[in-house]
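Below is one structure, written out as structure tokens; the observations come after it.
In my numbering, the protein residues as written are 287 to 388.
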């Protein structure tokens, strides 16, 4: 994975992990009129396109796109953010251990 791909993978993980924080993440989303979910959607969509070009792992970001839509439902959204963060963490760790092919 290129440095840009790694940046998007870890960046989207950190964003999802922040939104997973029980009171802080929810308050952040509500206080900003659900705009953070739109930002998450765009970040995950760009990451999917970028990682597909690089043939990197995209499942976590695809789940992130779905999460951004489903997260309008309060408790379901929290669970989905947690699931997405875990998937992105696993993908980020496993991609970091692979040797690059040039």
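Heads up, the beta-carbon is just placed ideally off N, CA and C, and yes, glycines get one too.
With 16 or more other Cβ atoms from the protein chains shown falling within 10 Å of its own Cβ, residue 351 counts as buried. Taking the Cα positions, residue 321 is about 12 Å away from residue 312. At a Cβ-Cβ threshold of 8 Å, residue 331 and residue 301 do not count as neighbours. Secondary structure at residue 303: helix, using DSSP grouped into helix, strand and coil. Ranked by Cα distance from residue 306, the options 374, 367, 381, 383 are led by 367. Here residue 318 is exposed: its Cβ has fewer than 16 other Cβ atoms, across all protein chains shown, within 10 Å.
Burial check for residue 373: the Cβ neighbour count within 10 Å reaches 16 or more, so the residue is buried. A check of alpha carbon separations from residue 375 across 295, 323, 354 identifies 295 as the nearest. Taken in chain order, the unbroken stretches of alpha helix (DSSP H) that lie wholly in the segment 287 to 371 and span 4 residues or more are 289 to 306, 308 to 317, 321 to 340, 345 to 356.
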